[in-house]
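S.K.: Mind having a look at this structure? Questions to follow.
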Amino acid sequence: MEMKYDRILIRYGEMTTKGKNRNIFVRRLKNNIARKLQAFPRIKIEYMRDRMYILLNGEPHEPIIDKLKTVFGIHSFSLAMKCENDLAAIKETALAAVRQLPYKGKTFKVSARRVDKQFPYRSDELNHEVGAHILRQTEDLTVNVRQPDIDVRIEVRQDGTYVTCHDIFGAGGLPVGTSGKAMLMLSGGIDSPVAGYLAMKRGLEIEAVHFFSPPFTSERAKQKVIDLVRKLTAYGGKIKLHIVPFTEVQQAIYQGVPNEYSLISTRRAMLKITDALRRRQRGLAIVTGESLGQVASQTLESMYVINEVTNTPVLRPLISMDKMEIIEIAKQIDTHDISILPYEDCCTIFTPRAPKTKPKKEKVLQHESQLDLAPLLEKAINETETIVIDEEAGQADEFTALF
Ligand code: ATP
Ligand code: MG
16 MEMKYDRILI RYGEMTTKGK NRNIFVRRLK NNIARKLQAF PRIKIEYMRD
66 RMYILLNGEP HEPIIDKLKT VFGIHSFSLA MKCENDLAAI KETALAAVRQ
116 LPYKGKTFKV SARRVDKQFP YRSDELNHEV GAHILRQTED LTVNVRQPDI
166 DVRIEVRQDG TYVTCHDIFG AGGLPVGTSG KAMLMLSGGI DSPVAGYLAM
216 KRGLEIEAVH FFSPPFTSER AKQKVIDLVR KLTAYGGKIK LHIVPFTEVQ
266 QAIYQGVPNE YSLISTRRAM LKITDALRRR QRGLAIVTGE SLGQVASQTL
316 ESMYVINEVT NTPVLRPLIS MDKMEIIEIA KQIDTHDISI LPYEDCCTIF
366 TPRAPKTKPK KEKVLQHESQ LDLAPLLEKA INETETIVID EEAGQADEFT
416 ALF
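Using the working numbering, the first residue of the sequence shown is number 16, and each one after it goes up by one.
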């Protein structure tokens, strides 16, 4: 029978340095991978402290490899074959591993590593034996020990020998869920989905919060945000989206606060509501797509006055990035084309022509004290609708949860 790659070897990212938390990390990674590969029921996942194996059991490896590329916490992975710690078996397996690649016209070398010191051949002996065997049994393949196209890696471990030929880069980062939960303030713009992606990359689980102002913003604008969240589920699995009806709050601010201060007060109201939702959902931080100096509300003076409404950590993964760098990531994670659709955002409609770039805190507080915003904020929170968006599910399977 023709021998085939029967497993995928997964190497962990940074988590290996996390000492006693490592078990939690590894288990979470395993669960995240299992979720991601639900469509392949025959696979089996074996995991240990320093690596993980996905046993294919006949499932196709290409679509599985594609899915693994979006799982945070994986440093790299490789198709692999396992055999007994026996020289003849190792030679045949290594040959079969090479033969499954487009090897003609290429160069190769063998890099053996003997973890099991009981094994009677040293690594250099193995390199020699296996290399000679591959050379004899193939055509149009030559040795190059300095810069080979194919590096046949052989690892003789206690439980067996593993052969891999090619490493694929993983998404890096930490497994989603290992760093706790945060609320992502998600507009329909380019920046906030990227901020959500980067937050998840550091292991945060996110729930999205979106403010919309019907009838000033349309159903299509809402759908756009749902579509953005769906893109993010490729990295985060199931994500909750809280949709906050914001019209009355915005109108009250618009009517009661001088025009150049209304933007700041609007942001403060958004942050207050998000913080209340965070408390209810037991999150520990808020993530935004703010980038220093990008627009009027993102000067340090504005951030200072906006941030004043809460002590909760506000994480701003894009703070020091240029717009071009942000756009680059947005394209890479496939949110860019959705973000640039022209549907109106709740803020653009009420945005004053000349917002203050250096708002004074005292002024803001004074204007807001003329308003009775608290009941309106309360109402917005109570009327918030929550949708659960699942990567694997189609739209029809989404449901509205109470929360
Ligand atoms: P983005 O591209 O994310 O819309 P932006 O460059 O347009 O950002 P702002 O409009 O100043 O910047 O918004 C700053 C941040 O405030 C956004 O990144 C987002 O986190 C949050 N935000 C803005 N509008 C909304 C909204 N309608 N719902 C939820 N969060 C919002
Ligand atoms: Mg925006």
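Where a beta carbon is used, it is the ideal one built from N, C-alpha and C, also for glycine.
Can you tell me where the beta strand (DSSP E) with T122 in it begins and where it stops?
M.R.: To locate residue 122, count along the sequence shown from 1; it is residue 107. Here the beta strand (DSSP E) through T122 covers 121-129.
S.K.: May I have all residues whose beta carbon comes closer than 5 angstroms to any heavy atom of the ligand MG, sorted in chain order?
M.R.: S202, G204
S.K.: Exposed or buried, L335, counting other C-beta atoms within 10 Å across all chains shown (16 or more means buried)?
M.R.: By one-based count along the sequence shown, residue 335 stands at place 320. Leu is not the amino acid found at residue 335; the sequence shown has Ser there. With fewer than 16 other Cβ atoms within 10 Å, it is exposed.
S.K.: Mind checking which residues open and close the alpha helix (DSSP H) that includes E77?
M.R.: The residue given as residue 77 occupies position 62 in the sequence shown. Looking at the DSSP string, the run of the alpha helix (DSSP H) that includes E77 is 76-83.
S.K.: Hey, is V329 close to the ligand ZN, as in C-beta under 7 angstroms from one of its heavy atoms?
M.R.: You won't find the ligand ZN in this model; what it holds is the ligand ATP and the ligand MG.
S.K.: Just to confirm the assignment: which complete beta strand (DSSP E) runs, minimum length 3, are found wholly within the stretch 212-270?
M.R.: Here the runs fully enclosed are 220-227, 254-260.
S.K.: Give me, in chain order, the residues of the same chain whose beta-carbon lies closer than 8 angstroms to that of K19; leave out the 5 immediate sequence neighbours on both sides.
M.R.: Taking the sequence shown and counting its residues from 1, the one referred to as residue 19 is at position 4. Answer for K19: M96, A111, Q115, listed in chain order.
S.K.: Kindly identify the DSSP beta-bridge partner or partners of C98.
M.R.: Residue 98 sits at position 83 when you count from the first residue of the sequence shown. Note: C98 sits in a beta bridge opposite T176.
S.K.: Grab the span of the alpha helix (DSSP H) containing T401 for me, first residue to last.
M.R.: The residue labelled residue 401 in the question sits at position 386 within the sequence shown. That residue, T401, is in no alpha helix (DSSP H); its beta strand (DSSP E) goes 400-404.
S.K.: Can you give me the Cβ contacts of A416 inside the same chain, cut-off strictly under 7 angstroms, excluding the 5 residues immediately before and after it?
M.R.: By one-based count along the sequence shown, residue 416 stands at place 401. A caution first: A416 carries a pLDDT of 41, below 50, which makes its placement in the model too unreliable to give a value.
S.K.: Could you tell me whether the stretch 171-183 touches the stretch 85-99, using the rule of 3 or more Cβ pairs below 8 angstroms?
M.R.: These segments touch.
S.K.: Does the beta-carbon of E222 have 16 or more other beta-carbons within 10 angstroms, so that it is buried, or is it exposed?
M.R.: Your numbering for residue 222 matches position 207 in the sequence shown. Answer is buried; the Cβ neighbour count reaches 16.
S.K.: Buried or exposed: which applies to D290, given that a residue is buried once 16 or more other Cβ atoms fall within 10 Å of its Cβ?
M.R.: Mapped onto the sequence shown, residue 290 falls at position 275. So D290 counts as buried.
S.K.: How many angstroms separate the CA atom of L24 from the CA atom of F226?
M.R.: As a first step, residue 24 is located in the sequence shown; it is residue number 9 there, counting from the start. As a first step, residue 226 is located in the sequence shown; it is residue number 211 there, counting from the start. Inter-residue distance for L24 and F226 is about 43 angstroms (C-alpha atoms, whole angstroms).
S.K.: Under the DSSP definition of a beta bridge, which residues are partnered with M318?
M.R.: For the purposes of this step, residue 318 is identified with residue 303 of the sequence shown, where counting begins at 1. Paired residue(s): none; M318 is not in a bridge.
S.K.: Check whether the stretch 227-246 touches the stretch 326-346, taking contact to mean three or more Cβ pairs, one atom from each stretch, closer than 8 angstroms.
M.R.: Taking 8 angstroms as the limit for Cβ pairs, the verdict is that the stretch 326-346 does not touch the stretch 227-246.
S.K.: In the structure shown, what three-state DSSP assignment does L356 receive?
M.R.: Position 341 of the sequence shown, counting from 1, holds the residue named residue 356. For L356, the three-state secondary structure derived from DSSP is coil.
S.K.: Check whether the Cβ of F226 sits closer than 7 angstroms to any heavy atom of the ligand ATP, and report yes or no.
M.R.: Here residue 226 refers to the residue found at position 211 when the sequence shown is read from its first residue. Yes, the Cβ of F226 comes within 7 angstroms of a heavy atom of the ligand ATP.
S.K.: Which residues in the same chain have their Cβ closer than 6 angstroms to the Cβ of V302, if we skip the five residues on either side of it in sequence?
M.R.: The residue you call residue 302 lines up with position 287 of the sequence shown. The residues are A197, L199, A210, A214, L330.
S.K.: Any chance the CB of S233 is under 7 angstroms from a heavy atom of the ligand ATP?
M.R.: On the sequence shown, position 218 is the one that residue 233 refers to. No; taking the cut-off as 7 angstroms, the Cβ of S233 has no heavy atom of the ligand ATP nearer than that.
S.K.: By the 10 Å Cβ neighbour count, where 16 or more other Cβ atoms means buried, how is M67 classified, buried or exposed?
M.R.: Position 52 of the sequence shown holds residue 67. M67 should be labelled buried.
S.K.: For T372, I'd like the list of residues in its chain whose CB is within less than 8 angstroms of its CB, leaving aside the five on either flank, ordered along the chain.
M.R.: Numbered from its first residue, the sequence shown carries residue 372 at position 357. Answer for T372: A311, T314, E316, S317, listed in chain order.
S.K.: Buried or exposed, going by whether 16 or more other CB atoms sit within 10 Å of the CB of I353?
M.R.: Start at 1 with the first residue of the sequence shown, and residue 353 comes out as number 338. I353 is buried by the Cβ-count criterion.
S.K.: State yes or no: is the C-beta of S312 nearer than 7 angstroms to some heavy atom of the ligand ATP?
M.R.: Here residue 312 refers to the residue found at position 297 when the sequence shown is read from its first residue. It does: the Cβ of S312 is within 7 angstroms (strictly closer) of some heavy atom of the ligand ATP.
S.K.: For the ligand ATP, is there any heavy atom lying closer than 7 angstroms to the beta carbon of T85?
M.R.: For the purposes of this step, residue 85 is identified with residue 70 of the sequence shown, where counting begins at 1. Not so, every heavy atom of the ligand ATP lies at least 7 angstroms from the Cβ.
S.K.: Which same chain residues end up closer than 6 angstroms to R129 when comparing Cβ atoms and leaving out the 5 residues on each side of it in sequence?
M.R.: Here residue 129 corresponds to residue number 114 of the sequence shown, with the count starting at 1. Excluding residues within five positions, the ones whose Cβ falls inside 6 angstroms are S138, V171.
S.K.: Return yes when at least one heavy atom of the ligand ATP lies under 7 angstroms from the C-beta of M339, else no.
M.R.: The sequence position of residue 339 within the sequence shown is 324, counting from 1. In this structure, M339 has its CB at a distance of at least 7 angstroms from all heavy atoms of the ligand ATP.
S.K.: Could you check whether the Cβ of M285 sits closer than 7 angstroms to any heavy atom belonging to the ligand ATP?
M.R.: Against the sequence shown, residue 285 aligns to sequence position 270. For the ligand ATP, at least one heavy atom lies less than 7 angstroms from the Cβ of M285.
S.K.: Just the Cα atoms here: how many angstroms apart are A411 and V259?
M.R.: Here residue 411 refers to the residue found at position 396 when the sequence shown is read from its first residue. Here residue 259 refers to the residue found at position 244 when the sequence shown is read from its first residue. Note that A411 has pLDDT 38, beneath the 50 cutoff, so the model's placement of it is unreliable and the number below is only indicative. In a straight line, the C-alpha of A411 is about 22 angstroms away from that of V259.
S.K.: Beta carbon of S126: closer than 7 angstroms to some heavy atom of the ligand ATP?
M.R.: By one-based count along the sequence shown, residue 126 stands at place 111. Result no, Cβ not under 7 angstroms from the ligand ATP.
S.K.: Mind checking whether the beta-carbon of S277 lies closer than 7 angstroms to any heavy atom of the ligand ATP?
M.R.: Here residue 277 is taken as the residue at index 262 of the sequence shown, counted from 1. For the ligand ATP, not one heavy atom lies less than 7 angstroms from the Cβ of S277.
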